[in-house]
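Top to bottom, those sequences are chains Z and B. The first sequence begins at 1 in the numbering used here and counts up one residue at a time. The second sequence begins at 1001 in the numbering used here and counts up one residue at a time. Each residue gets a CB set at the ideal place from its N, CA and C atoms; glycine is no exception. Inspection log for the structure reproduced underneath, given as structure tokens.
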Amino acid sequence: MNFAVSTAHRNLRYRLTRTVALASLIMVLSFTLFSGGYVLISLKQGLESYGTRLGADVIVVPSSSAGHGTVDDILLQGITGNYYISSKDIDKVLSTRGIEKATKQFYLTSAKASCCSLRVQIIGFDPETDFSIMPWVKKSYSDVIRDGDLVVGSRLNVPENRKISFYGKTYTVVAQLLETGTGLDNAVYTNMNTIRQMARDASNLLERAPFKGLDIDKAASAILIKVKDGHSVQDVADDINIHITKIKATSSRSMIHNIASGLRSISSITGVLILAVWFFALVILVIVFTMLSNERKREFALLRTIGVSRKILVSIMAYETAIIAIAGSLLGIIVALPVTFIIKVSIQDALSLPFLTPGLVTMLLLGVFAFVLSVLTCMITSSISAGRLSKNETSLLLREE
Amino acid sequence: MRISARKIERTFFRKTGQANFFYAVKETDFTLLEGNITGIIGRSGSGKTTFINMLCGLLRPTSGSIEVDGVDFITLDDDSASLLRNRKFGIIPQSQTPIQSFSVIENVMAPAFIYKSDLSREEVYNRAISLLSRLGIESLEDEYPSQLSGGELRRMAIARALINDPEVIIADEPTSDLDDKSTDAVLNLMRELAGEGKSVLIVTHDRDAEKICDVIYKMDGGVLKKDTETASK
Ligand SMILES: Nc1ncnc2c1ncn2[C@@H]1O[C@H](COP(=O)(O)OP(=O)(O)OP(=O)(O)O)[C@@H](O)[C@H]1O
Ligand SMILES: [Mg+2]
């Protein structure tokens, strides 16, 4: 084996504590870069996916639902009360000026009782007029959604026989949707006929059904509106809010804005954390490498007397650092992988923020980025002291102490 | 191999009177002859180590020239100078200088593996073992330097300096921490090497060591002069 390589190996093994300590430091660095980068990317993608999933400019919901059953809640947490807009109000909304497209949605929460397989939010939409859910469904299911068909979010466990029952009837899951990173992943989707049938079944089965006096066939839980070009989204929303009581119109941009500011604070905390760890690692590395090169001056001076050139000396130091840096960085990323899963679950569940895990390619790139940056940080800081040492003639002389 | 130095000087930074530097070695002419043992004596701090560092190309003189077999040693690039030092020089430093992570035998063999050579590992090993046994420490071959005494480390360093069969041996106080028996072994070795036509340079305070020298120089305040008392012997 090459003299520089074997000397480097020997020294790393001989000073094992030092080697492990340094590698751990690099490990923390690459871990932070990887998992921090993962959080940043996921939050950003979550927000984007949330925006596109919404698809509508204005969302109209019953005002009684504001507070708990807001669209935010529906989208992010899958929680909603069973509140409805009457057919009279629907007509009023639809007659507002400036609307290009509008589509109704009907929300229903399944009960936890024996009548239902699981407690979920069920969203009924109208495939004919829909522009919000259909584009998403089409990514994983190209057929039409027939009566009795269910399409489910990515986070739902589908039984093997693909049957789920609600309020005494059994339905078939025809497709599972792609992940959005939002609460939409927890919901079940079906067409209007099917959900209205479910609502009727619910009202027959349940004692205190929320549908008393409601024309189930005409009512809706939400109306999603696309505004015509040339009309202001805010004006349309204001118009609806002023003229129709008991309902609330929200521009989706203001909804996204609220979430975005929440995301921004988490993103900036994460960003600051990454920078802080990177900076501290940098400072510690500079100090450590300076100390180490001072400590080893004598040994390097001896190597000079037995004929080791400056080049070989520098490559001994470079090999040592490279081995530590590569091992530490790889370990950091390997440890970070399972941790990203924990991060994902806790951000989605505890913080209820849209969080969309990047795809394989992005994850790979992130891994490469974290690896290269931490290895580079280590190599550059060590080359500063290695360079200083090898250029200084008298510091490479044996001196009596 | 013949090393000759002409008018070499070396200054170091230090506040002295008006100047902020001083001469560690001043206007020194010197020739190291083949087949001879040359001794350098002189008080501590007189510039002996500085002088020999320049002779082996580890320290650049501030002025003057050094030639090794007619080759200008000062302008030689670091790679060639290092290779030359590895192949032709056996340097025994004044201080203890083990490679801590290498065992005794590996320390001794190390110079043979820095550059490619025709020698097999076994040949190098055999040579290392015979040097260690001449110096009486062959039983320590697998120990690590942290387990060795000062005198044992010194003898290890001597074996290491001789592993590549150098043409020039430069020893900075090689017997300072050895007992009489080991000193004799080292001095006999030096005499033998000179007998083979090698150039041997010893910096020493040891009377016994002075006795084996063919020429003795005295370093005094950075200036090297033939020592008249001992030279007349
Ligand atoms: N790298 C250096 N920087 C500054 N001063 C130095 C340096 N090396 C040596 N000196 C100074 O040069 C002078 C000569 O030092 P040198 O080591 O050559 O002495 P020496 O004759 O070998 O002494 P000793 O017998 O104690 O080994 C000393 O005063 C020393 O302090
Ligand atoms: Mg000295």
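Partner residues in the beta bridge of Z/Ile-122, as assigned by DSSP, are Z/Leu-108 and Z/Val-188. The bridge partners DSSP lists for B/Tyr-1023 are B/Thr-1011. Its chain contains Gln-105 and Ile-133 as the residues whose beta carbon lies nearer than 6 Å to that of Z/Phe-125, once the 5 sequence neighbours on both sides are disregarded; these appear in chain order. In this model, B/Thr-1011 and Z/Glu-295 are separated by some 26 Å (Cα to Cα). Around the C-beta of Z/Pro-135, fewer than 16 other C-beta atoms lie within 10 Å, and the residue is accordingly described as exposed.
For B/Arg-1014, the number of other beta carbons within 10 angstroms of its own is below 16, and it is reported as exposed.
C-alpha of B/Ile-1137 to C-alpha of B/Thr-1183: approximately 13 Å in a straight line.
Rounded to whole angstroms, the gap between the alpha carbons of Z/Ala-318 and Z/Leu-285 is 14 Å. Non-local beta-carbon contacts of B/Gly-1221 in its own chain, meaning distances under 7 Å to residues more than five positions away in sequence, involve Ser-1046 in chain order. Contact between Z/Ile-240 and Z/Val-60 holds: CB atoms are separated by about 6 Å, below the 8 Å threshold. Here B/Ile-1099 is not near B/Asn-1086, since their CB atoms are 7 Å or more apart.
Those residues having their beta-carbon less than 6 Å away from any non-hydrogen atom of ligand 2 are, in chain order, B/Lys-1048, B/Thr-1049, B/Gln-1094 and B/Asp-1172. For B/Asn-1053, the C-beta contacts it makes with chain Z under 7 Å involve Leu-397, in order along the chain. The distance from the Cβ of B/Cys-1213 to that of B/Gly-1064 is about 24 Å, inconsistent with a contact at the 8 Å cut-off.
What B/Leu-1059 touches in chain Z, judged by beta-carbon distance under 8 Å, is Glu-393, Thr-394 and Leu-397, going in chain order. B/Lys-1218 and B/Ile-1003 do not touch by the CB rule: their CB atoms are close to 19 Å apart, not below 8 Å. Every unbroken stretch of the alpha helix (DSSP H) spanning 4 or more residues and falling wholly within the stretch 1127-1215 of chain B is given here in chain order: 1150-1162, 1180-1195 and 1207-1211. For Z/Pro-338, the enclosing alpha helix (DSSP H) stretches over residues 310-346. Beyond the five residues adjoining it in sequence on each side, Z/Asn-191 comes within less than 6 Å, by CB distance, of Pro-127 and Ile-145 in the same chain, given in chain order. Within chain Z, the residues Arg-10 have their CB atoms less than 7 Å from the CB of B/Phe-1102, given in chain order. About 15 Å separates the beta carbon of B/Ile-1158 from that of B/Glu-1141, a gap too long to meet the 8 Å contact definition.
When Cβ pairs closer than 8 Å are counted between the two stretches, the stretch 1173-1182 of chain B is seen not to touch the stretch 1111-1131 of chain B, the count staying below three.
Restricting attention to Z/Ile-90, Z/Gly-46 and Z/Asn-204, the CA atom closest to the CA of Z/Gly-183 is found in Z/Gly-46.
Counting only residues of its own chain and dropping the five nearest sequence neighbours on each side, Z/Lys-246 has a CB closer than 6 Å to the CB of Ser-63. In the DSSP assignment, Z/Phe-355 falls outside any beta strand (DSSP E) and carries neither an H nor an E.
By the criterion of a C-beta distance shorter than 7 Å, B/Thr-1097 is surrounded in its chain by Ala-1157, once the five residues flanking it on both sides are discounted. Between the alpha carbons of Z/Lys-138 and Z/Pro-159 lies a gap of roughly 22 Å. Relative to ligand 1, the beta carbon of Z/Thr-362 is positioned no closer than 6 Å to any heavy atom. Contact between the stretch 31-46 of chain Z and the stretch 258-272 of chain Z is established, with three or more Cβ pairs separated by less than 8 Å.
Below the 7 Å Cβ cutoff, chain Z contributes Phe-3 as neighbours of B/Phe-1113, in chain order. The beta carbon of Z/Val-308 sits closer than 7 Å to some beta carbon of chain B.
Its chain contains Thr-1183 and Leu-1187 as the residues whose beta carbon lies nearer than 7 Å to that of B/Asp-1208, once the 5 sequence neighbours on both sides are disregarded; these appear in chain order. By the criterion of at least three beta-carbon pairs nearer than 8 Å, the stretch 359-373 of chain Z is in contact with the stretch 13-33 of chain Z. The C-beta distance from Z/Lys-297 to Z/Ser-395 rounds to 6 Å, short enough to meet the 8 Å contact threshold. Looking at the DSSP output, B/Arg-1006 bridges to B/Ser-1065. The beta carbon of Z/Ser-329 is closer than 6 Å to those of Ile-26, Ser-30, Phe-371, Ser-374 and Val-375 in its chain, skipping five residues each way along the sequence.
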